[in-house]
Each structure stands twice: as C-alpha cells, then as structure tokens.
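My numbering runs 122 ahead of the 1-based position in the sequence shown.
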Amino acid sequence: MRIWSLGRLIPPAVAAFILAIGLVVVPAGAQEGSGSNPTAQAVSEQQLLDELNKVQGRVSIPDRKAATLQQPQGRDYQGFHERALPWIGGIAIGGMLLVLFLFYFIRGRIRTQAGESGVRILRFNALERLAHWTTAVAFIVLAITGLNFVFGKRLLMPLIGPEAFSTWTVWAKYAHDFVAWAFMLGVLVMLVLWVWDNLPDRYDANWLKKAGGMFDRSNRTHPPAARFNTGQKLIFWAVVLGGISLSVSGIFLLFPFVFTDVNGMQMAQYVHAAVGVIMVAVIIAHIYIGTLGMEGAYDAMGSGTVDLNWAKEHHSAWVEKQQAKADGRVPPHNATEPAE
Ligand code: HEM
C-alpha cells in the first residue's frame with residue numbers, strides 16, 4: 123500500500139498547523155534526520171513503520187552508522203534477549219534436566235543384560251576420539267560462557283558482585299570468541315568421519331517402534347542397529363545442523379558489519395541464541411546417556427573399545443559386519459535380533 127504525499131490534498135495553512143503539532147509532540151531526538159525523505163513523492167507503509175521511533179541524528183565522523191542511536195528492530199531484539207530468551211533457555215534446559223532426573227529414577231540405568239564377556243572390540247579409533255573430545259570440550263566452554271550472556275546478569279552477578287562478574291564476563295567473551303573455532307573444526311571433522319554411518323538404514327523404523335528398548339526396565343529389548351542407532355543419528359544430525367547454524371550466525375557476529383548490517387546481525391543473534399540454548403539441552407541428554415544412563419557406553423569414547431556383549435546388545439548389525447570383515451566373509455544382509 124502506498125501513502126501519497128499530502129501536499130496536493132491539504133491547504134498549506136492546515137499542513138503548517140499539523141507540522142507545528144508534530145514538532146511539539148514528537149521527541150526532539152526522533153525528529154532529527156529521521157531517515158525518511160520529505161521530498162519523496164511516495165513512501166511505503168512499511169517504510170513509515172520502520173522509521174517510527176527511530177532515534178537518529180547526524181555525525182561528522184566517517185562512521186555513519188554512529189548516527190543511529192536506536193532503531194525500532196533493536197527494541198524487538200532487546201525484548202527477545204531480556205525476556206523471551208531466558209524463558210526459552212530455562213524451559214529447554216530445566217525441562218531436559220527434569221525429564222532425565224525422572225527417567226533415571228523410574229527406568230534406572232540401562233544395563234548390559236548378558237554381563238561382561240571379557241572380549242573387547244575397537245569402536246572409535248584415535249582420530250574419531252580426538253575429533254569428539256575437541257568438539258566436546260569446546261562445546262562445554264561455549265555453553266558455559268554462552269549461558270553467562272543469557273543468565274549471568276540475573277543469576278551470577280548477585281552471587282559474586284558486579285566487579286568479579288565484569289572481570290569473568292570479559293574473559294568469558296574472549297573464550298567464547300576463540301574456542302568457537304575449535305568447535306567448528308571438530309563438527310566439520312565429525313561430519314566427514316561419521317556421515318555415512320548416520321544415513322537412514324533399514325533398522326531405523328523398527329528401532330523407533332521399540333523406542334530403542336529404552337523403556338524396558340528388564341533390559342531385554344534390543345532392536346538391531348548398525349554402527350549408530352536411530353537415537354544417535356538424531357544426536358549426530360542435531361550436532362551437525364545445529365553446529366552449522368551456530369557457526370554461520372556466529373561468524374556474522376564475530377565480524378560486525380563485514381557480512382551484514384545491524385538488522386542482519388540482530389537476525390543472526392536470534393538464531394545463534396535460540397539454537398545455542400536448545401543444543402545445550404540436547405547435549406545434556408547425550409552426556410547423560412554416555413555416562414550415567416548406560417552401563418559400558420563411556421568406554422567407547424574413553425578407551426575407544428567396548429565389551430563384545432555390550433556391542434552385541436546395542437549394535438548387533440555392526441558387530442556382525444565387523445566379525446565378517448575380520449573373518450574375510452561377506453557381511454550378512456539381515457542382522458537378526460541377538461539372543462535375549
Ligand atoms: C562430557 C561430555 C560428553 C560425553 C561423556 C560424551 C560421550 C559420548 C560417547 C560415550 C559416545 C559414543 C556412543 C557409542 O559408543 O555409541 C559419544 C558419541 C558422540 N558424541 Fe559425545 N559426549 C560428550 C559430549 C559431546 C558433545 C559436547 C558433542 C557435540 C556437541 C558430542 C557429540 C557426539 C556425537 C555426534 C557422537 C556420535 C553419535 C552418538 O553417539 O550420539 N558429544 N559421545
């Protein structure tokens with residue numbers, strides 16, 4: 123919709139009167155150089171809305187951006203950062219902790235039904251473990267320092283005082299900016315190493331139907347899975363897709379005004395913050411299942427080897443394939459459910 127200049131329709135005396143009222147009502151900062159072009163024949167409605175409440179003036183320094191003190195979208199962004207974001211983060215992270223707490227007390231630890239066989243097989247080689255732990259350590263630093271931007275002022279500052287909070291936050295900001303590169307590299311290497319093992323396969327539908335046996339307290343349900351089961355594939359893709367959107371939006375923020383303007387950076391910040399807090403919640407679930415939640419799982423990333431019985435129960439099709447490779451056989455096409 124276009125709003126035509128009123129000059130042709132309204133007598134000059136009335137126009138002068140309206141202008142005089144405008145000068146009294148509109149705050150001085152908002153009028154000066156508001157950015158709209160008064161000589162234009164037509165302006166769009168959106169343009170007028172965008173200009174509303176803009177606080178803009180003139181500067182004589184080369185950086186013309188400094189002339190805009192506030193823009194309307196900045197207020198939306200501030201509302202998101204100060205109100206919506208802490209709620210989204212609190213619900214996602216608090217909700218996940220609550221679900222895991224209940225899961226642990228109702229379901230208990232996922233045990234290896236057959237006990238230890240004493241035979242160990244290699245699950246992740248040194249490069250895979252290096253990529254995983256580089257990503258993991260980097261992510262934990264990014265999560266702690268990132269959550270400080272969201273909750274620090276409210277939760278930490280009252281505890282340690284403004285001086286200490288300010289010193290910590292400056293270091294947290296540097297850590298966040300530099301450690302981000304290790305995270306990006308780690309996600310890239312994990313993508314290259316594991317993408318083939320995380321494509322959908324014929325075991326996924328059945329695994330999902332049985333929810334991976336997670337709710338069977340007798341530990342007897344073990345739907346067959348190849349190297350990664352469906353739950354792990356979902357974690358993998360969450361890490362890869364979440365990691366890519368965090369990386370792209372993060373690079374926009376690391377280099378202000380290089381790739382986009384202030385509106386683009388605000389959009390990047392919406393994506394970065396929302397994906398970041400959701401990913402923290404997802405990774406808390408991953409850390410739970412890799413440590414407390416499942417007996418024998420941590421070894422896979424710790425020493426790189428797992429007990430044969432653990433592997434047969436959780437990744438039967440993968441074990442069949444590994445054993446066939448070791449014997450020089452062709453791997454069987456259909457893995458059967460292991461004996462229960
Ligand atoms: C203290 C923190 C962590 C622990 C104890 C941990 C533990 C593990 C374990 C035991 C596995 C192997 C599971 C198996 O053998 O099948 C694994 C795999 C994996 N981890 Fe972690 N991890 C941690 C943090 C992270 C972080 C921060 C990320 C990414 C941001 C991550 C991403 C992955 C991915 C993509 C896999 C492969 C898919 C999967 O098994 O879910 N991990 N982790």
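Cβ atoms here follow ideal geometry from the backbone N, Cα and C, with glycine treated the same way.
Rounded to whole angstroms, the separation of the alpha carbons of residue 221 and residue 433 is 27 angstroms. As a beta-bridge residue in DSSP terms, residue 428 pairs with 243.
Under DSSP, residue 178 shares a beta bridge with 190.
For residue 374, the distance from the CB to the nearest heavy atom of the ligand HEM is not below 6 angstroms. Remark: the C-beta of residue 261 is in contact range of the ligand HEM, defined as less than 6 angstroms to any heavy atom. With contacts defined as CB atoms closer than 7 angstroms, residue 426 and residue 419 fail to qualify as a contacting pair. Per the DSSP secondary-structure output, residue 288 pairs with nothing in a beta bridge.
For residue 172, the enclosing alpha helix (DSSP H) has its first and last residue at 167-173. Straight through space, the alpha carbons of residue 232 and residue 342 are spaced by roughly 10 angstroms.
In this model, residue 280 and residue 290 are separated by some 14 angstroms (Cα to Cα). Around the beta carbon of residue 374, 16 or more other beta carbons sit within 10 angstroms, so the residue counts as buried.
Residue 215 and residue 409 do not touch by the CB rule: their CB atoms are close to 12 angstroms apart, not below 8 angstroms. CA-to-CA, the gap between residue 192 and residue 178 works out to about 7 angstroms.
In this structure, residue 308 keeps its C-beta atom at 7 angstroms or more from the C-beta atom of residue 267.
Taking 7 angstroms as the cut-off, the beta carbon of residue 318 is found no closer than this to the beta carbon of residue 347. Between the beta-carbon of residue 276 and that of residue 423 there is about 34 angstroms, and that puts the pair past the 8 angstroms contact cut. Around the Cβ of residue 228, a 10 Å sphere holds fewer than 16 other Cβ atoms; the residue is exposed. About 5 angstroms separates the beta carbon of residue 417 from that of residue 234, a gap short enough to meet the 8 angstroms contact definition.
At a threshold of 6 angstroms, residue 413 counts as near the ligand HEM, since its beta carbon sits closer than that to one of the ligand's heavy atoms. Listed in chain order, the non-local C-beta contacts of residue 208 below 8 angstroms within the same chain comprise 272, 273, 276, local neighbours out to five positions each way being set aside. Contact annotation, residue 438 with residue 344: C-beta distance approximately 7 angstroms; criterion of less than 8 angstroms satisfied.
Secondary structure note for residue 256: its alpha helix (DSSP H) is the uninterrupted segment 248-269. The residue among 171, 187, 210 with its C-alpha nearest the C-alpha of residue 396 is 210.
Between the ligand HEM and the CB of residue 336, the shortest heavy atom gap is not smaller than 6 angstroms. Scanning its chain for C-beta atoms nearer than 6 angstroms, with the 5 sequence neighbours on each side dropped, one finds around residue 353 the residues 334, in chain order.
Taken through DSSP and simplified to helix, strand or coil, residue 279 comes out as helix. For residue 416, the distance from the CB to the nearest heavy atom of the ligand HEM is not below 6 angstroms.
Listed in chain order, the beta strand (DSSP E) elements of length 3 or more contained wholly in the region 380-450 are 427-429. Counting along the chain, the unbroken alpha helix (DSSP H) around residue 229 starts and ends at 207-229. Note that the C-beta distance between residue 194 and residue 170 is not below 7 angstroms.
Per DSSP, the beta bridge partners of residue 232 are 416.
Residue 360 and residue 190 have their C-alpha atoms spaced approximately 38 angstroms apart.
Only residues of its own chain outside the window of five on either side were considered, and among them 202 have a CB closer than 7 angstroms to the CB of residue 392, listed in chain order. Scanning its chain for C-beta atoms nearer than 6 angstroms, with the 5 sequence neighbours on each side dropped, one finds around residue 440 the residues 348, 349, in chain order. The straight-line gap separating the alpha-carbon atoms of residue 285 and residue 180 is approximately 35 angstroms.
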